[in-house]
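Below is one structure, written out as structure tokens; comments come after it.
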Amino acid sequence: MSEPADTPSRWPLRQVIAALVAGVLLLLGGFLMGRLMVPSAAQTPSTDSAEAGFARDMQTHHQQAVEMALIIRDSTQNEAIRTLAYDIATAQGQQAGQMYGWLNVWGLAQASTEPPMTWMMQPTQGGGPHEMGTAPMTGMDMPGFATPEQIDALKAANGEDADKLFLELMIAHHAGGVEMAQAVLERSSNDVVTTLAGNIVRSQQSEMSYMKDLLAEI
């Protein structure tokens, strides 16, 4: 079957450039929002705080979600999945920019000398440890994070195989994002951080339910 003339892979150059510009504007908009929403020095976290760790690690987590969303957006012929991918890339790109803005306003480095995800091992506000145990975590332990091999498989897949793999990977990815957001909610009283984390939990749980429905239809 011949490829439809309007598939993303055949977009004119001006549309590709427009998409790239839109992506930059989303990150910039999120960055500016992050700067504007940080209220005062009274709520400025330290570099080893749960808030700072969340901002750094969730940026990385979101960036992979954007990457996967753009891969499937440019290959799928399923309009529901294409629309979902656009929504994910848009929302998570903006949120990543917002968290970048937090760290900038807080005067903290975008990267830490500590291994990724160590903030999730800090005690909760109730005094208890996180459910994931007591052993130090590494970057490989980021919840729901796809491996390089899985990303390569998604790039190589076609048709319904690609759609199915994307949904499976993104469902797991969202579940990991929800876990990270819930973890910072247990460890932070910073209004800006908890507001975004709560939004992430609600939106990604809703998208997970929708993706499971889409997966059942394939």
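Residue numbering for the sequence shown follows this note's numbering, beginning at 15 and increasing consecutively.
We put the beta carbon where it would ideally sit given N, CA and C, even for glycine.
Only a predicted model underlies this, so the values are computations on that prediction, with no experimental measurement involved.
Quick one, which of the options has its alpha-carbon nearest residue i's?
i: Pro157; options: Thr208, Leu183 and Ala64; result: Leu183
i: Thr236; options: Asp205, Arg201 and Leu228; result: One cannot answer for residue 236 here, as it falls past the ends of the chain, which runs 15 to 232.
i: Thr58; options: Val206, Gly140, Thr90 and Ala125; result: Val206
i: Ala69; options: Leu117, Leu181, Ala170 and Ile86; result: Leu117
i: Arg192; options: Phe180, Leu179 and Met134; result: It is worth fixing the name first, because residue 192 is Val in this sequence and not Arg. Nearest of Phe180, Leu179 and Met134 to Val192, Cα basis: Met134.
i: Asp166; options: Phe180, Ser203 and Thr97; result: Phe180
i: Glu174; options: Gln139, Ala230 and Phe159; result: Ala230
Mind checking residue i: buried by the 16 CB within 10 Å criterion, or exposed?
i: Ala83; result: buried
i: Pro137; result: exposed
i: Asn204; result: buried
i: Ala79; result: buried
To the nearest angstrom, how far is the alpha carbon of residue i from that of residue j?
i: Ala186; j: Gln77; result: 15 angstroms
i: Thr161; j: Leu168; result: 11 angstroms
i: Ala99; j: Gly190; result: 18 angstroms
i: Ser217; j: Ala211; result: 10 angstroms
i: Ala195; j: Ala64; result: 11 angstroms
i: Thr104; j: Glu81; result: 11 angstroms
i: Arg92; j: Asp227; result: Just to set this straight, residue 92 is Asn in the shown sequence, not Arg. If you take the alpha carbons of Asn92 and Asp227, they lie about 14 angstroms apart.
i: Ile86; j: Tyr224; result: 16 angstroms
i: Thr208; j: Gln164; result: 31 angstroms
i: Val198; j: Trp120; result: 17 angstroms
For residue i, which residues from the same chain have a beta carbon less than 7 angstroms from its beta carbon, with the 5 sequence-adjacent residues on both sides left out?
i: Gln73; result: Ala110, Met113 and Tyr114
i: Met222; result: Ile185, His188 and Ala189
i: Arg96; result: Arg87 and Thr90
i: Gln106; result: His76, Ala79 and Val80
Enumerate in chain order the residues of its own chain whose CB-to-CB distance from residue i is below 6 angstroms, with the five nearest sequence positions on each side excluded.
i: Leu122; result: Thr61 and Ala66
What whole-angstrom Cβ distance do residue i and residue j have, given they're in contact under 8 angstroms?
i: Ile232; j: Asp177; result: 6 angstroms
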